[in-house]
Amino acid sequence: MYLHHALIFAVGFVASAINAIAFGGSLVSFPTLIWLGIPPIIANATNTAGVWPGSLGAVWGYRREIANTAPRMYWLIVPSVAGALVGATLLRVTPPAVFDRLVPALIFFATVLFALQERIQRAVGSRQLADAADSLLPAARWEWFTAAIGFQFLVSVYGGYFGAGMGILMLLALAILGHEDIHQMNGLKNLLGVFINAVAAAYFIAAGMVRTSDAIVLASGATCGGVAAAALARRMGRTAVRRAVIVIGFAMTVALLFRR
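Start counting the sequence shown at 3; every next residue gets the next number (our numbering).
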């Protein structure tokens with residue numbers, strides 16, 4: 003049991019540090035929980051409950067950018083909370099055997115998103131989508147905004163159900179709204195992510211889907227990892243971390259696909 007918790011603490015530490023440096027920490031923590039013998043659905047719920055406290059630090063770090071965000075962007079909290087609740091509910095009613103078969107595909111999808119992250123960020127950081135939104139007539143802008151809210155709802159359903167890679171999808175939702183400041187986008191993305199993960203984690207805990215002791219140990223490791231991330235970033239370049247996560251993600255996909 004001591005070794006079990008020591009490994010969970012270590013993976014929480016690593017996942018949080020990866021999230022702080024390059025995102026993608028759940029691509030390490032979630033598969034590891036499965037390999038420790040935790041059933042996939044319980045591992046997913048425990049990972050959500052254990053890792054999300056580490057994202058609070060990211061929100062604090064972007065507090066100035068969040069404060070300067072246009073008020074209409076805060077409307078995205080509503081579909082985020084609603085979508086997270088729907089996603090968490092879907093996870094609860096998914097038969098374990100079905101989710102077990104979905105896990106490799108979910109990890110593969112999240113890994114591909116992570117691999118394309120920088121290209122997506124460059125695309126959403128350009129003025130093309132912002133100019134497209136600004137050129138619309140008022141009525142069309144409202145339809146554009148409604149479509150973006152709908153897209154954010156779907157992203158949040160995915161976030162409540164699985165979560166890895168949802169931050170990249172949220173950047174796309176913000177770009178659709180015409181947002182062009184990448185720092186504000188990252189700040190708002192982190193804020194919305196806290197709401198999504200908090201709602202999902204609360205639901206999982208209330209439904210008895212979380213291994214409490216494992217989640218506490220994971221959260222402790224995540225907190226320490228977030229604090230140590232700056233030092234790790236200086237020792238390891240962002241590119242090296244990203245490449246390692248991508249390799250791990252694809253390796254986990256193959257390993258989980260053929261596990262018995």
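For every residue, glycine included, the Cβ atom is placed at its ideal position computed from N, Cα and C.
Note that the structure is predicted; figures quoted are calculated from it, not measured.
- Only exposed fits methionine 3, as fewer than 16 other CB atoms lie within 10 angstroms of its CB.
- Excluding residues up to 5 positions away in sequence, Thr255 lie with their Cβ nearer than 6 Å to the Cβ of phenylalanine 110 in the same chain.
- Apart from sequence neighbours up to five positions away, the residues of its chain that approach asparagine 21 with a beta-carbon distance below 6 Å are Gly27, ordered along the chain.
- Rounded to whole angstroms, the Cβ separation of glycine 161 and glycine 56 is 16 Å, and the two are not in contact under 8 Å.
- The alpha carbon of leucine 92 has as its nearest neighbour, out of Trp37, Leu174, Phe252 and Ala209, the alpha carbon of Ala209.
- If you check the CB distance, alanine 200 and tryptophan 77 do not come in under 8 Å.
- Taking each of Gly39, Leu29 and Ala19 in turn and checking the Cα distance to histidine 7, the smallest one comes out for Gly39.
- Between methionine 172 and lysine 191, the C-beta spacing is below 8 Å.
- Counting only runs of 4+ residues, the alpha helix (DSSP H) found wholly inside the stretch 36-88 occupies 42-53, 57-63 and 65-69, in chain order.
- DSSP places methionine 3 outside both helix and strand once states are collapsed to three, so it counts as coil.
- In this structure, phenylalanine 101 sits near isoleucine 43, with a CB-CB distance shorter than 8 Å.
- The three-state reading of DSSP puts arginine 103 in helix, counting H, G and I together.
- At the C-beta level, serine 158 and serine 215 stay beyond 8 Å of one another.
- DSSP places arginine 213 outside both helix and strand once states are collapsed to three, so it counts as coil.
- The criterion of a C-beta distance shorter than 8 Å is satisfied by alanine 84 and phenylalanine 155.
- For the set Pro33, Ile36, Thr96 and Leu29, the Cα lying nearest the Cα of arginine 244 is the one of Leu29.
- The DSSP-derived three-state label of threonine 96 is coil.
- The C-beta distance from alanine 47 to phenylalanine 206 rounds to 4 Å, short enough to fall under 8 Å.
- The residues His185, Gln186 and Gly189, in chain order, have a CB closer than 7 Å to that of glutamate 67 in the same chain once the five nearest residues on each side in sequence are set aside.
- Contact check for phenylalanine 15 against glycine 223 passes: the beta carbons are separated by less than 8 Å.
- With respect to the 8 Å criterion, leucine 258 and valine 105 are classified as neighbours on the basis of their beta carbons.
- Assigned with DSSP and collapsed to three states, alanine 166 falls in coil, not helix or strand.
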